[in-house]
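The listed protein sequences correspond, in order, to chains D and S. All letters in the first sequence, in the order written, are residues 1 to 127 by our numbering. All letters in the second sequence, in the order written, are residues 128 to 254 by our numbering. Note that the Cβ used here is the ideal one computed from N, Cα and C, for glycine as well. These notes concern the structure reproduced below.
Number of protein chains: 2
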Amino acid sequence: MTQSRPAPLPADFFPADCPVQSVPVLGSRKWAWRIIRCLEDGPRRFSELRVPLAGITAKVLAESLRSMEQDGAVVRTEYAENPPRVEYALTPMGRTLLGPMDAMCDWTRENLGGLLAARLEYERAGR
Amino acid sequence: MTQSRPAPLPADFFPADCPVQSVPVLGSRKWAWRIIRCLEDGPRRFSELRVPLAGITAKVLAESLRSMEQDGAVVRTEYAENPPRVEYALTPMGRTLLGPMDAMCDWTRENLGGLLAARLEYERAGR
DNA sequence: GGTGCCGGTTACTTCAACGGAACCGGCTTC
DNA sequence: GAAGCCGGTTCCGTTGAAGTAACCGGCACC
């Protein structure tokens, strides 16, 4: 059994349109996934989203929602009522993100312990 | 068929140990996934990695690899030869990331077109 | 003895995301 | 007429990831 080296990787190993280059596509990496989770069960109002997203400021929430709207993952619907009402909902495309998100969440659930242990071990050993 | 509103989300909707809070776990978001791809087929040397990761600087590559090593996704092996040889390889845990990564890449492949179209449409319409 | 390779390190700068605080118009309620 | 709610905006500061450029020690080669 020969321990063969894998072939060297070419300079164009990643094509210009390679998906791995563009992920994650949705602006704010800190809040986007949480926002999507909050919208999973149906449309939500701006102030309604601020409750579960504890600690988010109006500015950051507005920015995140706008960037997700630009990317076509979220729709903003404004109702001419009083007091004004604005609702945010997932688009069909936004909803398809739930699958890959679940896969990453499962991975984290299974490996977060080992990951934190690895950090402690790294620090304990050589630094 | 009643169009019922979903129940409001509580302030503790995301528990402190919720996986979605901790993803992505691997430091550098720009290069980590590409590095993992490069290591998929076996161990690679530092300078060997710089070829496919076109444009990465030695500093950023070293930082990224170290943070991935801290997280237990990569092992660094130093050989006392001349000229010095250092090899980086995926750990078993690092290898398990390939599944979720594939899911995200598939999503991007399928939706990147729609996403870019949504951006253009957003700009064209209301701004 | 000068040059180059290997695998980095160091110091400095740039940039985008994030956070804090204040403020806004339109409307209602007290 | 004062206060409050809603859905934000504006200005400013902080932080951390990433990029740039220069340099390093040890060894081999010419």
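- Within chain D, no residue has its CB atom less than 9 Å from the CB of S/L192, the nearest being about 13 Å off.
- A residue is called buried once 16 or more other Cβ atoms fall within 10 Å of its Cβ, and S/S191 is buried on that count.
- Spatial neighbours of S/F173 in its own chain (CB-CB distance under 6 Å, excluding positions within 5 residues in sequence) are listed in chain order as V213.
- Under a 10 Å Cβ-count criterion, D/A125 is classified as exposed, with fewer than 16 other Cβ atoms of the shown protein chains found around its own Cβ.
- Taking 9 Å as the cut-off, the beta carbon of S/L188 is found no closer than this to the beta carbon of S/W160.
- If you draw a straight line from the Cα of D/I56 to the Cα of S/A138, it comes to about 12 Å.
- With respect to the C-alpha of S/L239, the residue from D/P43, D/G94, D/R29 having the closest C-alpha is D/G94.
- With respect to the 9 Å criterion, D/E48 and S/L136 are classified as neighbours on the basis of their beta carbons.
- Take D/V75, set aside five residues on each side of it, and the residues of its chain with a beta-carbon closer than 6 Å to its own are A89, T91, in chain order.
- Taking 7 Å as the cut-off between beta carbons, the residues of the stretch 162-190 of chain S near chain D are R164, C165, D168, G169, E175, V178, P179, A181, in sequence order.
- Closest option to D/T96, judged by alpha-carbon separation, among S/F140, S/A230, S/Q197: S/A230.
- At least one CB of chain D lies nearer than 9 Å to the CB of S/A244.
- At a cut-off of 9 Å between C-beta atoms, D/V86 does not count as an interface residue with respect to chain S.
- Per the coordinates, the alpha-carbon of D/D71 lies some 8 Å from the alpha-carbon of S/G241.
- When beta bridges are read from the DSSP output, S/L217 appears opposite S/V201.
- A distance below 8 Å between beta-carbons, with the five flanking residues on each side excluded, links D/P43 to the following residues of its chain, in chain order: T77, E87, Y88, A89.
- Taking 9 Å as the threshold, the shortest C-beta distance from D/Y79 to chain S does not fall below it.
- If you look at D/A103, you'll find it in the alpha helix (DSSP H) that goes 98-124.
- For the stretch 130-144 of chain S, the set of residues with a beta-carbon nearer than 9 Å to any beta-carbon of chain D comprises S131, R132, P133, A134, P135, L136, P137, A138, D139, F140, F141, D144, in chain order.
- At a C-beta separation below 7 Å, S/A216 has no neighbours in chain D, since its nearest C-beta there lies roughly 11 Å away.
- S/F140 is the residue among S/M228, S/T235, S/F140 whose C-alpha sits nearest the C-alpha of D/V51.
- In this structure, D/I35 sits away from D/L98, with a CB-CB distance that is not shorter than 9 Å.
- Per the coordinates, the alpha-carbon of S/A134 lies some 25 Å from the alpha-carbon of D/P100.
- For S/L224, the chain D residues whose Cβ falls inside 7 Å of its Cβ are W107, in order along the chain.
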